[in-house]
Amino acid sequence: MRTEGKKKLTRQEEFMRQHRRHHHQIALWRIIVFVLFLALWELSADLHWIDSFFFSSPSRVAACFVKQIRTNSMLSHIGVTLFETIVSFLLVLLISLVASTLLWYSRKLSEVLEPYLVVLNSLPKSALAPLFIVWLGTGATTIIVAGISVAVFGSIISFYTGFRQVDEEKITLIYTLGGGRRDVFTKVVLPGSVPILLSTAKVNIGLALVGVIIGEFLAARRGLGYLIIYGSQVFKLDMVITSIIVLCVIALLFYKSIQIIEHQIKIRFKM
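Per numbering that gives the first Met the number 0, the very first residue in the sequence shown carries number 0; after that it's consecutive.
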């Protein structure tokens, strides 16, 4: 028995080593691809294969970033965009969870509102931004609402779909044991939908960032979206590309943060 236990442990350790090695190889290849892209971009600008005024280069982007960091301009704009995105994301989660819960509790309500949610989710949200400016004026509130509008309708649909896909046998078991609809939701539906909620959250954080940038294009005097618009208007294209790259980094950090939270929850609850 001890020998079999040792063999199982050895196999498990070998599997974990292979799993870590695979992830290290993937991470290494990602870094290699990124470095090669930067090298090709810089070389193309130096050899005049591309016009560095329009396409910039890694060295020019780095110089622009350092210059704006020294004047504290970039940090201020990053802070504004981060704050607006996080507030939008948290409000999207709260609104989606409350709305999808109400839809699950009332089948009639879900049948009435589902077509409207689909239509609102399919609308181009950039078309709503001018209306938000008229209704709410310019400022952080308008930008946060723009961020919410991009993600909230699709999030409600995803949450509600996740609630409806929970195992019916578990729901029947709760009713058989004398539980009510509230017990079904808190003990079966909500815990069973955690993977879908987390995967939707990873999408929502990116959509909230997109919505915030759309709002900053139209109604801001601070933020990375404002920098992009301002830089394009005065032909400071190094500033534009630097802001876009910073946005990519922010989006990656947001995604990784949600991914880490998802991983910890799965370990804790053994999903």
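Idealized CB from N, CA, C, for every residue including glycine.
Using the beta-carbon count (16 or more within 10 Å), is residue i buried or exposed?
| i | result |
| --- | --- |
| Ala139 | buried |
| Thr141 | buried |
| Thr80 | buried |
| Asn203 | buried |
| Val144 | buried |
| Gly222 | buried |
| Ala218 | buried |
| Trp103 | buried |
| Glu83 | buried |
| Thr199 | buried |
| Val133 | exposed |
| Trp28 | exposed |
| Val60 | buried |
| Ser95 | buried |
| Gln24 | exposed |
| Phe88 | buried |
Beta carbon of residue i, beta carbon of residue j: below 8 Å?
| i | j | result |
| --- | --- | --- |
| Ser99 | Ile155 | yes |
| Gly205 | Phe216 | no |
| Gly210 | Gly161 | no |
| Ile249 | Leu197 | no |
| Val193 | Ile259 | no |
| Ile195 | Val183 | no |
| Ile212 | Leu246 | yes |
| Phe152 | Asn120 | yes |
| Leu116 | Leu108 | no |
Figure out for me which residue from the options has the closest Cα to the Cα of residue i.
| i | options | result |
| --- | --- | --- |
| Leu236 | Glu12, Cys63, Ile31, Arg106 | Cys63 |
| Ser271 | Tyr254, Met238, Val248 | Nothing about residue 271 can be reported from this structure: the residues present for the chain run from 0 to 270 only. |
| Ser148 | Leu92, Ala26, Thr70 | Leu92 |
| Ser125 | Ala150, Asp166, Arg220, Ile94 | Ala150 |
| Thr241 | Phe253, Ile257, Met73, Gly178 | Met73 |
| Leu226 | Arg10, Gly78, Glu168, Glu12 | Gly78 |
Just list the alpha helix (DSSP H) runs in the region 77-123, keeping only unbroken ones of 4 residues or longer that don't cross its boundaries, in chain order. 106-121
Extract the residue ranges of the alpha helix (DSSP H) inside the region 147-187, only unbroken runs of 4 or more that lie entirely within it. 167-175, 180-183
Beta strand (DSSP E) runs wholly inside the region 44-70, at least 3 long, in chain order: none
Unbroken stretches of the alpha helix (DSSP H), 4 residues or longer, contained in the region 206-236: 223-232
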